[in-house]
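Report on one structure; see the data block that follows.
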Amino acid sequence: MSSDMPSPHDALRLLLPPPLNRERLRAQLAGRGLYEVSSARRASSSFWMQHFRDRTTHDGHATYVGYQEDHILGQGWVWLAGPGVPTLSAWLQAEWGAYPLATALQRAAAAERPDAVIAAWGAVCVLLAWETAPDPSALALCARLLHDPNDAVRQAALCGASYLLFPSVTDLIAACRDDAALTPEVDRQLSLRPAAAHGSPPPDSHEDSAILAAFAAVEAELAADPLAPDGYARHARLLADVGQQAWALVDVHVALALGRREGRALGELVGLADGLRAAQAARALQGDGDARAPGEPALPLAVDRLGLLLHAGRFHEVVEIADALIQLSVASAAPLQVALALAHHALGRGAQAVSTLADALAHPLQLLLGASPGGSPGPAWGTPWVDALSLYADWLHDLGDLGGAADVLLRLWWVVPAGAGMDAGPVAESPETAALTELLADRVAESLQGLRRDFIFRRAQILADLEQADAALATLDLLLAEEPDAADAWLARAALLSRCGQPELTLSACAQAERCLRPIDRLLEDVDPRALLQVRQAAALIQLPGAPPPVGWVVGALTDDPRSVAVLLSEPALLAWVATDADLAALVVDARAAASAIDVDADFVEKQVWGDRTLLRHAAAPILRSLSPQGAMRPLLADFFSATLTLLDEPSESPVRLPRGMALLTSIERQIDLLAAIDDPEARQPTVREALAAAAEALGL
Amino acid sequence: MSDRRFVLDGAAPGGGVAQGAFATAAETGDLLSFDAGAAFASTAAALSGASVLRTRPWGSAHVHDPWPSGLPADCHPAVAQALQVHCEAQDPGAPHSLTWLVTDGRHTVRLEAHEAALVLHIAATSASANGDAGQPSGRGEDAVVMALRPLLPPLLTEEDLTIALRPLSAPEDAATVDAFGGAAVLRARQALQRLGALWFDDLRLLDVLRRHAAHPLQPVRASVVAVASQAGYRLFLYERAAVETDPLLRRILRTLTTPVPAESEGA
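So the sequences go chain by chain: E and Y. Last residue of the first sequence? That's 1242 in this note's numbering, and every number before it is there in order. Last residue of the second sequence? That's 290 in this note's numbering, and every number before it is there in order.
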C-alpha cells in the first residue's frame, strides 16, 4: 500500500455477498471516479487485494477504497475511508448488498443448516479480525460453534477463530483441548498466538523471559567474538543455573583453556568446574538417568566448540579441552578423540595423532551416528567414521607405515564398494566390517559416489608404493571400465607402466590419455597433464631400440609446463640421455629454476611466452578447482582460460592479440556481471576477479 | 481491464500443434484425466516458436521480465543455462507458468499449468496499461489472440465453460438426469474443472461451486469438492463435510479438512 493510504483498521468495513465480480466492481468504481492505485501484490494464492482512490480531493483529503478477497474463508469485503464514504457506502449497500459486521453476526446467529452456519461464520471472522475487541455476541457465537455437535462445524469454527487474535478467543480455543476432533490443531493454534494474548500467563513467565534474554545476549557475544573466554564463562554459568551441568562443563573447560593462554585469573572458573563435576557425580550415584558427562547430549556442543577452535588454529586449547572432556566421558568419546587427534596432528605429533585416532576408530558406531568435529584437512567422505578412517590412512602413510595405510584403506574399501555399487574385489570381508558395511551402504552411497574416483587413485598410489603394481593397475582398470575416456586414469596408468619398465604399454596408455585430454583437464591440474604425458612418452621412447630421440617431447613438455621437470628428473634413463645434449640440459636447468620460482614467488619468473602461459595456468588451476563443477562459473572460466592460452600462442606483436584479448575480457566481465545479477554465489568471489586480472596481465593488457 | 483468459481445449480434432498431450483424454474416453506436464511442455514449445512472441519467457517467480538486456552474442552455454534457470524459476505459491513478452512490447502472454487444464492469460504490460480503469481497451489483446490461434488448440472462454455447465442445473429427478445421459454430465464436470483453472484466483468460482454443491449425483459433488480443494476454499470444504452423506465423499472430505498451516493475515 502507498504510504498515505489509510489502514483498514480505521476504515468502514463491509462484506460483499456473492456473486462477487471484481472486474465489475473495478469498472463501477471507475465510473464513480475511483481509479486503481499501485496495490500490494497478493501475498499468496489465498488472498487478493486491490486499492482505489478518487482523483479529486475534498479539502485536501482523498477517498480510498480497498477490496480484499479471502479464499480460505471464501469471502470478499471492502473498506472505505475518506470524505466519500457515506455516498460510497450507501451505493455499495444498495447496488451490491454490502453489509456490516453487525448484520453478519445476526445472520450467523440465525443460520440453521450446518453449512449455512459455517458460511456465515466465515463472513463474521473476516471482518471481526479487524476489530479492536470482540463483540460479546461474537464471542458467544464462537463459543457455541466450538461446541457444536457437528465435527465439521467445530473444525470450521476453529479455522475461523485462527483469525481472531483476542485473548478471550484464545481462552475459548484452549478450552477445546480435550476435543479429539480438534486436537492437535488446538495446540498448534495456541502455539502460534502471541504470549500476551493468553488469558493467564504461565507461571514464572517473567523469569523465563529474563533467562532467555540472558542466553540470547551471551550467544550474541560469542558469535561476535568466539575466542573470548568471558563469553564461555558466562554461558557456562547460565547453563549451570538452569541445571544443564553437562553442557556447562563443556563451556567452562573452553573458558579455562582460552583464559589460561591469556593469563587470566582462573580460580572462579576452576571452582565452577569442580562444582559441576561433583554435581554430575552425585546425580550419577543417585541413578539419575540424565547425569551424563559430556557424551550425550552435550556432545554436539563439545564437537561444535572443538571444531570452531580447530578452524581457528587453537590446537593447544583443543588438546586441553578434549583431554578434560574425554576423561569425563562415559560412552561417546570417539568424536572428541577425533578432535584431539586432529589437534595433535596439526601440532606435528604424528604418532600421538595416529594412536588417538586409532582409539576413536575402535568405536565406529559412535562416529557413524555422532557429530564430526570438522576441521579435517582431507576430503569430506560423507560420515565422520569414513572421515576418520581416511585421515588415519593418510597419517599412517605420512609416517611411512604404508602397510598400515593400505590396511586401513582396504577396511574402507569394504564400505565404499557397498555404498558405491562397486565390486569389493578379492579381499575377504572381515566380520567386524560386515555389519558396518550393510549399515553404511545406504547412508553413504550418494555421498561416496562423488569420492569414488579420489579413493581409487589413492588406493592405486598406495599399492604402487607397496610395489604391488598389478593390484594398482587393476584398481585403475576398475575406473577405466566405467570411464574409458578418463584422461587422468590413463595418465596414471602410463606412469605406473613406466615405473614397471614397460615402454610399449606406456606409449599405448599415453596415446589414450592424449586422445581423451580435454582443455579443462589441462586447466584443472597444477601441472599441465599434456606436459606430463610428453615426459612419459619421452621416457618410453628412450627405452625402445630404434625409436627416434625424443627431443621434441622433452622440449614440448618443458615448454608447456616447466614444472613437469620434476617427473623428468624421476626417470633415470631419460635424465641420463638429456644430460648428453647441452641444449636440453640447459632447458632442464631453466625449467628447474622456473618451477622453484613459481613455487616461491611468481613475480621473479621472467616473462617469456612460456612464462606467461605457465603463470596463467598457475593462477587458473586453483581457482578452477575452487569452483563448483555444477555451477556456471567453472565452465565459463575454463573456456575463457583456454581461449586466453590459445591467444598467448600468438606472437606478442600479432595485430590480433590485443583486440581479441580485450574482446575476451569484455565479454567475460559482462557475463560474470550477469551471473552476479542473478545472485550466482560464485560470481562475486574475489578469486574470480583475480583470475581475470591474471589473464589480463598475461595478455599484457 | 482488458486481460483475456482462456482454457486450452485439446479435445477438439484439428486443433493446434499440441494434440499429443491433449489427445489422451479423448482417446481414452476419460475427459477428466489431463497430463498437465506434457501438455504444458508441448504448448510452451509451440509458443516459444511463435513469431509474435519474444523468445525468452520467465517463470511465476518474477513479476516483470527478469531477462537482462544486452546479452552478449557469444554468451557461454553455462551462463545462458544459469540465466534460463533463474528467469524461469517458479513461485511455489503460484501455478506453474511461463510468460512471454509480445514483440510489440505492450502485452504479455502467460501459459499456466493447472491440475485440470492449461490457461492462456493475455494482458497489457504495466507500462502500457491505461491507469484509468474506466477506459478499457482490448484491441491489442484481440490481435495477440488472433496471432496465436493457429498455433494452439481451440480457446475456451468463461462463457463457453459456463454454458457447458448447464446440464448440471437440470431438474433433479432421476429420469431427467438419465435423459441427459452420462456424457453430458461428464462434459459438465470437465467444464467445472476447467473453470476451476480459469478462475483459480477468482471468488466467482466459489459461487459456481456453491450452486452445484448439493447436486444429486455423487460424481458431480466429487468434482465440486476436488475443484474447491485445488482452489483452497477451506471453509467451503468444512461446509461440505458438515452435510455430505455419501460415505466415500465424507472420507475424502475428512482427509481434505485435516488441518494445514493457516494463512491468516490477522489484524
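In this text, a Cβ means the ideal position worked out from N, Cα and C, and glycines have one as well. Owing to the predicted nature of the structure, the values given are computational and were not obtained by experimental measurement.
Could you name the residues of the region 247-270 of chain Y whose beta carbon sits closer than 8 Å to any beta carbon of chain E, in the order they occur along the chain? 254, 255, 256, 257, 258, 259, 261, 262, 263, 264, 265 and 266
Can you find a C-beta in chain E that's less than 8 Å from the C-beta of residue 280(Y)? yes
Please name the residues in the region 94-107 of chain Y whose beta-carbon is closer than 8 Å to at least one beta-carbon of chain E, in chain order. 94, 95, 97, 98, 99, 100, 101, 102, 104, 105 and 106
Identify the continuous alpha helix (DSSP H) that holds residue 63(Y) and give its terminal residues. 59-71
One question on the structure: do residue 792(E) and residue 777(E) come within less than 8 Å of each other, judged by their Cβ atoms? yes
Determine the extent of the alpha helix (DSSP H) in which residue 852(E) is found, giving its start and end residues. 840-852
Secondary structure of residue 1154(E), DSSP reduced to three states: helix
Could you tell me which chain C residues have their CB closer than 9 Å to the CB of residue 606(E), listed as they occur along the chain? No chain C is part of this structure, whose protein chains are labelled E and Y.
Mind the definition here: the region 122-138 of chain Y touches the region 239-247 of chain Y only if three or more C-beta pairs lie below 8 Å; say whether that holds. no
Count the CB pairs spanning the region 700-711 of chain E and the region 265-273 of chain Y that are closer than 8 Å, and state whether there are at least three. no
Check this for me: beta carbons of residue 1064(E) and residue 1162(E), under 8 Å apart or not? yes
Own chain, CB closer than 7 Å to residue 726(E), minus 5 neighbours either side, in chain order: 699
Among all the DSSP beta bridges, which residues are the ones paired with residue 122(Y)? 81(Y) and 133(Y)
Contacts around residue 284(Y), its chain only, beta-carbon distance under 6 Å, and the 5 residues preceding and following it disregarded: In this prediction, residue 284(Y) scores a pLDDT of 47, lower than 50, which makes its location untrustworthy; the coordinate-derived value is nonetheless stated afterwards. The answer is none, since no qualifying residue turns up.
How many angstroms separate the CA atom of residue 549(E) from the CA atom of residue 227(Y)? 23 Å
From the DSSP secondary-structure annotation, give me the bridge partner or partners of residue 576(E). 594(E)
With 8 Å as the threshold, decide whether the Cβ of residue 1215(E) is near any Cβ in chain Y. yes
Going by beta-carbon coordinates alone, are residue 69(Y) and residue 694(E) separated by less than 8 Å? no
Euclidean distance between Cα positions of residue 942(E) and residue 1003(E): 11 Å
What does residue 561(E) reach in chain Y if we use C-beta pairs closer than 9 Å? 225, 226, 227, 229 and 230
Which two residues bound the contiguous alpha helix (DSSP H) that contains residue 613(E)? From DSSP, residue 613(E) is part of no alpha helix (DSSP H); its letter is neither H nor E.
Host beta strand (DSSP E) of residue 27(Y) (start-end): 27-31
Using the rule of at least 16 other Cβ atoms within 10 Å of the residue's Cβ for burial, across every protein chain shown, is residue 247(Y) buried or exposed? buried
For residue 759(E), collect the residues of the same chain with a Cβ closer than 7 Å to its Cβ; drop the 5 residues on either side in sequence, then sort them by chain order. 772, 775, 776 and 779
Taking beta-carbon pairs under 7 Å, can you tell me which members of the region 1175-1191 of chain E lie near chain Y? 1176, 1177 and 1180
What distance in whole Å lies between the Cβ atoms of residue 30(Y) and residue 184(Y), which are believed to be in contact at a cut-off of 8 Å? 7 Å
Spell out a yes or no on whether the region 1170-1180 of chain E and the region 1211-1225 of chain E are touching, meaning 3 or more CB-CB pairs, one atom from each, closer than 8 Å. yes
Can you tell me which of the three DSSP states residue 1242(E) falls into? coil
Give the straight-line distance between the Cα atoms of residue 789(E) and residue 857(E), rounded to the nearest whole angstrom. 21 Å
Can you tell me whether residue 186(Y) is buried or exposed, with buried defined as 16 or more other CB within 10 angstroms of its CB? exposed
Neighbour flag for residue 130(Y) against chain E, beta carbons, 8 Å: no
Residues near residue 1203(E) by beta carbon distance below 7 Å, same chain, minus five either side: 1242
First through last residue of the beta strand (DSSP E) which encompasses residue 145(Y): 141-147
Per DSSP, what kind of secondary structure is residue 1172(E) in: helix, strand or coil? coil
Between the CA atoms of residue 1156(E) and residue 1067(E) - distance to the nearest angstrom: 11 Å
Same chain, Cβ closer than 7 Å to residue 817(E), neighbours up to 5 away in sequence not counted: 781, 786, 789, 790 and 793
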